[in-house]
Amino acid sequence: MNILVSHCFLGEPCRYDGASRLDRQVIELHRAGHNLIPVCPEVLGGLDVPRSPAELQTDGRVLTQDGQDVTAAYLAGAKRVLEIARENNCAVAVLKARSPSCGCGEIYDGTFTHRVKPGWGIAARLLADAGIEVMDEEHLQASLYL
Ligand code: SF4
Numbered sequence: 053m054n055i056l057v058s059h060c061f062l063g064e065p066c067r068y069d070g071a072s073r074l075d076r077q078v079i080e081l082h083r084a085g086h087n088l089i090p091v092c093p094e095v096l097g098g099l100d101v102p103r104s105p106a107e108l109q110t111d112g113r114v115l116t117q118d119g120q121d122v123t124a125a126y127l128a129g130a131k132r133v134l135e136i137a138r139e140n141n142c143a144v145a146v147l148k149a150r151s152p153s154c155g156c157g158e159i160y161d162g163t164f165t166h167r168v169k170p171g172w173g174i175a176a177r178l179l180a181d182a183g184i185e186v187m188d189e190e191h192l193q194a195s196l197y198l
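For the record, in the sequence shown the residue sitting at position 46 is 98 according to the working numbering, with numbers rising by one throughout.
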């Protein structure tokens, strides 16, 4: 199966701070026979690495910690991610927990205080609304390894 994954899981240093989030469990999906399709919605939306940290606000905008509105880049990146998912017939996506792009079910609350709230990142929401099964690395389904 082709599985869309957050690129930072594979060691790509695409996070806002120039780091990655290498995740052995996600990489194990490849050993289990799946084809991993890496995407970073924020980079695909044209944002730089490194970049200012950003969080999704209650009004739907994405603002950086210094107040810049980066919503358009987040939306553009999410749209491109959905295109890539469709081009590769991905029915499942494994995305980074709590990110304003990739978080699914829980995200940072917009105050830059490390607090979280129920919610979805911009790309994760678009994928889920399109019928793709989206999960984060903390909720990987055991069935994917069978
Ligand atoms: Fe990783 Fe997603 Fe953030 Fe890109 S946008 S660095 S893939 S969590």
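Beta carbons: idealized from backbone N, C-alpha and C, even for Gly.
Source: prediction; values computed, not measured.
Do you know whose CA, among the options, lies nearest residue i's CA?
{"i": "A176", "options": "C92, G70, N141 and G119", "result": "C92"}
{"i": "G98", "options": "G112, C66, L81 and D75", "result": "C66"}
{"i": "F61", "options": "S195, L198, E190 and Y197", "result": "E190"}
Between which residues of its own chain and residue i is the CB-CB distance below 6 Å, once the five residues before and five after are set aside?
{"i": "R200", "result": "Since the first residue of the chain shown is 53 and the last is 198, residue 200 is not available in this structure."}
{"i": "V144", "result": "I55 and E185"}
Can you find the residues in the same chain that come closer than 8 Å, C-beta to C-beta, to residue i, ignoring five residues on each side of it along the sequence?
{"i": "F164", "result": "P105, E107 and Q117"}
{"i": "G155", "result": "L147, K148, A149, G171, W172, G173, A176 and D188"}
{"i": "G70", "result": "V101 and P102"}
{"i": "Q77", "result": "E189 and L192"}
Using a Cβ-Cβ cutoff of less than 7 Å, which residues in the same chain neighbour residue i once the five nearest sequence positions on both sides are dropped?
{"i": "C142", "result": "N54, I55, L56, I89 and I184"}
Query raised in the report: So which residues put a beta carbon under 6 Å from any heavy atom of the ligand SF4, going in chain order?
Result: S58, H59, C60, C66, R67, C92, P93, E94, K148, S151, S153 and C154
Query raised in the report: Can you find at least 3 beta carbon pairs, one from the stretch 155-163 and one from the stretch 125-143, that sit closer than 8 Å?
Result: Contact fails: fewer than three Cβ-Cβ distances are below 8 Å.
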